[in-house]
Amino acid sequence: MKKIVVMGSTGSIGTQTLDIVRSHRDELSVMALTACSSVDLIEKQAREFSPRIVAMYDPKSAGELSDRLSDTDIKVLGGMEGLIEAAAMEEADTVVTAMVGMIGIRPTIAAIEAGHDIALANKETLVCAGHIIMPLAKKNGVSIYPVDSEHSAIFQSLDSEDHADVERIILTASGGPFRKCSYEELESMTAADALKHPNWNMGAKITVDSATLVNKGLEVMEACHLFGVGLDDIEVVIHPQSIIHSAVMFHDGAIMAQMGSPDMKLPIQYALFYPRRPYLATKRVDLIELGSLTFERPDPEKFKGFKYAYEAARCGGIMPTVFNAANERAVALFLEGKIGFTDIARLIRHAMDSVPEVSDPDVECILDAADAAIAAVDKMCENPGEKN
Ligand code: MG
Numbered sequence: 023m024k025k026i027v028v029m030g031s032t033g034s035i036g037t038q039t040l041d042i043v044r045s046h047r048d049e050l051s052v053m054a055l056t057a058c059s060s061v062d063l064i065e066k067q068a069r070e071f072s073p074r075i076v077a078m079y080d081p082k083s084a085g086e087l088s089d090r091l092s093d094t095d096i097k098v099l100g101g102m103e104g105l106i107e108a109a110a111m112e113e114a115d116t117v118v119t120a121m122v123g124m125i126g127i128r129p130t131i132a133a134i135e136a137g138h139d140i141a142l143a144n145k146e147t148l149v150c151a152g153h154i155i156m157p158l159a160k161k162n163g164v165s166i167y168p169v170d171s172e173h174s175a176i177f178q179s180l181d182s183e184d185h186a187d188v189e190r191i192i193l194t195a196s197g198g199p200f201r202k203c204s205y206e207e208l209e210s211m212t213a214a215d216a217l218k219h220p221n222w223n224m225g226a227k228i229t230v231d232s233a234t235l236v237n238k239g240l241e242v243m244e245a246c247h248l249f250g251v252g253l254d255d256i257e258v259v260i261h262p263q264s265i266i267h268s269a270v271m272f273h274d275g276a277i278m279a280q281m282g283s284p285d286m287k288l289p290i291q292y293a294l295f296y297p298r299r300p301y302l303a304t305k306r307v308d309l310i311e312l313g314s315l316t317f318e319r320p321d322p323e324k325f326k327g328f329k330y331a332y333e334a335a336r337c338g339g340i341m342p343t344v345f346n347a348a349n350e351r352a353v354a355l356f357l358e359g360k361i362g363f364t365d366i367a368r369l370i371r372h373a374m375d376s377v378p379e380v381s382d383p384d385v386e387c388i389l390d391a392a393d394a395a396i397a398a399v400d401k402m403c404e405n406p407g408e409k410n
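Going by this note's numbering, the sequence shown opens with residue 23, and the numbers climb by one from there.
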């Protein structure tokens, strides 16, 4: 029986992780659930899966949940301390990190220090703190299994191969809903337009990140840390059908790719059962029905957030954090209808120009840089005349 902690259990990856647990009750048991503030859903999940601990990041929600679960022996915790206690709980084997954003950093570190394997779905953790997380995982003998579909595909393509034989990683991207739009058309796109992803059904934040290609920039940084490769060893290819989830090219020219229908349950299940492949009731790809797979080059001049991601990655230090935090804030403002679609990249640019560089930052410094980036975005939104 594998004992798991599901962090971010009410989100898209979290609920799909629990779907997998439902299909494998004899092999997976839930020790803890965590969420930000969705009290109704997490109460239902807690009653169904009977974890020892449920933690809510929002202390008020934790208080309400504690009242609602008072007829059970489930321990209810609140705040960052609660998330950390859940992540580090002694009985766990694997922690699924599916929370959204940088709040994932501290709990992930706590889980690794407690010796738990990580099923990593929170890419911000590696983007901002990969230089801390990866050596820490190695030191503690902890495995990190990627849940991001592209990184899972790379992980599957690399399995049993010698990493020294890798020539290049081919990271695929759907291109998002605005792939064919001109830059001028992008300027008038609303949150409702951006949330219509052509292939994947995901949470709102990552769906907007997919439309801006910022998600792909974050994934390039994530891949550098996970697979120990340089920026220039990764080629991003737009593949609108989302059937090839990513690939690895070796020194003899061979390309190993992982294909399948776009369904996050596959990478989640692979991370939980590695190296086994239990049955999964997902749609099978019919190659003949599909007919053709196509590939294009991404356009960094149209999707400027993608370009700035490379700049942040090359700069290193706190700059990936500034990039990420500015994006998190800008996407929230975009979803609230307060800024336009192309303002997201503009605000990222502004934050990267405003926050001074720091190399080899510790966690404290990373969190300070995030605050500084958010402040830079907010200040610019109060004084929109300064834009550009
Ligand atoms: Mg992905």
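Ideal placement from N, C-alpha and C gives every residue a C-beta, glycine not left out. Since we're looking at a predicted model, the values are computed, not measured.
- How big is the Cα-Cα spacing for R319 and M78? Roughly 42 Å separates the two Cα atoms.
- Message: I'd like the span of the beta strand (DSSP E) that includes E5, first residue to last.
- Response: In the structure as shown, the chain starts at 23 and stops at 410, and residue 5 therefore has no counterpart that could be examined.
- Message: As a quick exercise: from I35, F249, E386 and G339, pick the residue whose alpha carbon is nearest that of D187.
- Response: Nearest C-alpha to D187 among I35, F249, E386 and G339: F249.
- Message: Spatial neighbours of G100 within its chain, please: C-beta separation below 6 Å, excluding the five flanking residues on both sides.
- Response: Result list for G100: M78, P81 and A84, in chain order.
- Task: Could you pull out every unbroken alpha helix (DSSP H) segment of at least 4 residues lying fully inside the segment 232-307, listed in chain order?
- Result: Entirely contained in the segment 232-307, the alpha helix (DSSP H) runs reaching 4 residues are, in chain order, 236-249 and 287-295.
- Query: So S165 packs on D139, CB below 8 Å; how close in whole Å?
  - Reply: 5 Å between Cβ atoms; contact.
- Report yes or no: do three or more beta-carbon pairs, one from the segment 239-255 and one from the segment 372-386, lie closer than 8 Å? Contact fails: fewer than three Cβ-Cβ distances are below 8 Å.
- Query: Can you pull the DSSP bridge partners for Y167?
  - Reply: According to DSSP, which records beta bridges pairwise, Y167 is partnered with A141.
- Query: Is the beta carbon of S264 within less than 7 Å of some heavy atom of ligand 2?
  - Reply: Looking for ligand 2 in the displayed structure turns up nothing; the ligands present are ligand 1.
- Item | Identity of the residue in R47, A367, D390 and D393 nearest E209 by Cα | Residue A367 is the option with its Cα nearest to E209.
- Compare the Cα-Cα distances from A391 to each of N405, C403 and D375 and report the closest residue. Closest option to A391, Cα to Cα, is D375.
- Message: Can you look up L315 in the DSSP assignment and give me helix, strand or coil?
- Response: For L315, the secondary structure class from DSSP, reduced to helix, strand or coil, is coil.
- Item | Given H153 as reference, the closest of G338, G327 and K360 once Cα atoms are compared | With distances taken between Cα atoms, H153 lies closest to G338.
- Start and end residues, alpha helix (DSSP H) containing L63: From DSSP, the alpha helix (DSSP H) with L63 extends over V61 to F71.
- Task: List in chain order: all unbroken alpha helix (DSSP H) runs of 4+ residues lying wholly within the segment 194-226.
- Result: As far as the segment 194-226 is concerned, its whole alpha helix (DSSP H) runs of at least 4 residues are 205-209 and 213-216.
- Item | Neighbourhood of D170 by C-beta distance below 8 Å, restricted to the same chain and skipping five residues each side | Correct list, in chain order: L142, A143, K145, E241, E244 and P289.
- Is it the case that the Cβ atoms of S88 and T56 are separated by a distance below 8 Å? In this structure, S88 sits away from T56, with a CB-CB distance that is not shorter than 8 Å.
- Can you tell me which of the three DSSP states I388 falls into? Under the three-state reduction of DSSP, I388 is assigned to helix.
- Note the first and the last residue of the continuous beta strand (DSSP E) segment covering G100. Run containing G100: K97 to G100, per the beta strand (DSSP E) assignment.
- Query: Does the Cβ of S34 have 16 or more other Cβ atoms within 10 Å, making it buried, or fewer, making it exposed?
  - Reply: When all chains shown are included, S34 counts as buried.
- Check whether the Cβ of S179 lies closer than 7 Å to any heavy atom of ligand 1, and answer yes or no. Answer for S179: no, Cβ out of range of ligand 1.
- Can you tell me the Cα-Cα spacing of T304 and D285, whole angstroms? Each residue's Cα considered, the two are about 7 Å apart.
- Could you check the C-alpha separation between T94 and D215 for me, to the nearest Å? Approximately 43 Å, taken between the alpha carbons.
- Say yes only if the C-beta of S196 is nearer than 7 Å to one or more non-hydrogen atoms of ligand 1, and no if none qualify. With a cutoff of 7 Å, S196 does not count as near ligand 1, since its C-beta is closer than that to no heavy atom of the ligand.
- Item | CA-to-CA distance, G137 to I155, given in whole angstroms | Separation of I155 and G137 (C-alpha to C-alpha, rounded to the nearest whole angstrom) is 13 Å.
- Task: Return yes when the C-beta of E107 is under 7 Å from any heavy atom of ligand 1, and no when it is not.
- Result: Not under cutoff, so the answer is no.
- Message: With a threshold of 6 Å on Cβ separation, who are the neighbours of Q280 within its own chain once the five nearest residues in sequence on each side are excluded?
- Response: Contacts found: A175, Q178, S179 and H267.
- Message: Looking at V353: is its Cβ nearer than 8 Å to the Cβ of V230?
- Response: It is a contact, given that the beta carbons lie within the stated cut-off.
- Count the other CB atoms, across all protein chains shown, that sit within 10 Å of the CB of K218; report buried if there are 16 or more and exposed otherwise. Label assigned to K218: exposed.
- Query: So which residues put a beta carbon under 6 Å from any heavy atom of ligand 1, going in chain order?
  - Reply: Qualifying residues, in the order they occur: D170, S171, E172 and E241.
- Item | Nearest residue (CA-CA) to T194, options P129, E358, E257 and A394 | Minimum Cα distance to T194 is reached at E257.
- To the nearest angstrom, how far is it from the Cα of G275 to the Cα of L158? About 34 Å.
- Message: Could you pull the DSSP bridge partners for L55 from this structure?
- Response: Bridge partners of L55: V28 and V76.
- Message: Is the beta carbon of N346 closer than 8 Å to that of M124?
- Response: Less than 8 Å divides the Cβ of M124 from the Cβ of N346.
- Message: Quick check: what's the CA-CA separation for L40 versus L369?
- Response: Rounded to the nearest angstrom, the two C-alpha atoms are 36 Å apart.
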